[in-house]
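In this note's numbering, the protein residues as written are 638 to 731.
Given below as structure tokens:
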């Protein structure tokens with residue numbers, strides 16, 4: 638009998654003084670990592686989305702932010718912090 642792990646999926650949730658975030662992360666057997674977060678302000682207004690993709694064992698990554706120009710820089714900083722936290726978790730659970 639052969640048993641192989643193919644994919645892992647994780648749900649993400651965070652609340653700060655400014656944001657409420659929900660999202661997901663996945664990692665496949667080839668090492669690809671996908672992270673997607675949706676961010677709203679604590680009063681319920683949409684701030685934007687962030688996506689991070691790492692392709693297999695390749696060091697190439699894609700990080701994108703979708704938001705108004707007004708929220709772009711703050712969302713990029715917050716999204717990057719979320720991605721760093723998820724990557725650290727995945728590294729520790731490897």
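Quick reminder that beta carbons are idealized off the backbone N, C-alpha and C, glycines included.
Open item on the list: If you measure between the beta carbons of residue 712 and residue 684, is that distance less than 7 Å?
Closed with: Numbered from 1 along the chain shown, position 75 holds the residue referred to as residue 712. Numbered from 1 along the chain shown, position 47 holds the residue referred to as residue 684. Contact: yes.
Task: Whole runs of the beta strand (DSSP E) within the stretch 660-693, excluding any shorter than 3 residues - done: Counting whole runs of 3 or more residues, the stretch 660-693 contains the beta strand (DSSP E) stretches 670-678, 683-691.
TODO: Check residue 708 in the structure and name its three-state DSSP category.
DONE: The sequence position of residue 708 within the chain shown is 71, counting from 1. When secondary structure is reduced to three states using DSSP, residue 708 falls in the helix class.
Task: Own chain, CB closer than 8 Å to residue 694, minus 5 neighbours either side, in chain order - done: Here the question's residue 694 lines up with position 57 in the chain shown. The answer, listed in chain order, is 667, 668.
- [ ] Compare the beta carbon distance of residue 720 and residue 670 with 7 Å and say whether it is the shorter of the two.
- [x] Here residue 720 refers to the residue found at position 83 when the chain shown is read from its first residue. Here residue 670 refers to the residue found at position 33 when the chain shown is read from its first residue. When the beta-carbon positions are compared, residue 720 and residue 670 stay at least 7 Å from each other.
Open item on the list: On a Cα-Cα basis, can you pick out the residue from 709, 663, 686 that is closest to residue 731?
Closed with: As a working mapping, residue 731 is identified with position 94 in the chain shown. Minimum Cα distance to residue 731 is reached at 663.
Task: Minimum C-alpha distance to residue 715 - residue among 674, 646, 643, 706 - done: Taking the first residue of the chain shown as position 1, residue 715 is located at position 78. Here the closest residue by C-alpha is 674.
TODO: Tell me, please, which residues DSSP counts as bridged to residue 658.
DONE: Along the chain shown, read from residue 1 onward, the residue named residue 658 stands at position 21. Per DSSP, the beta-bridge partners of residue 658 are 651, 676.
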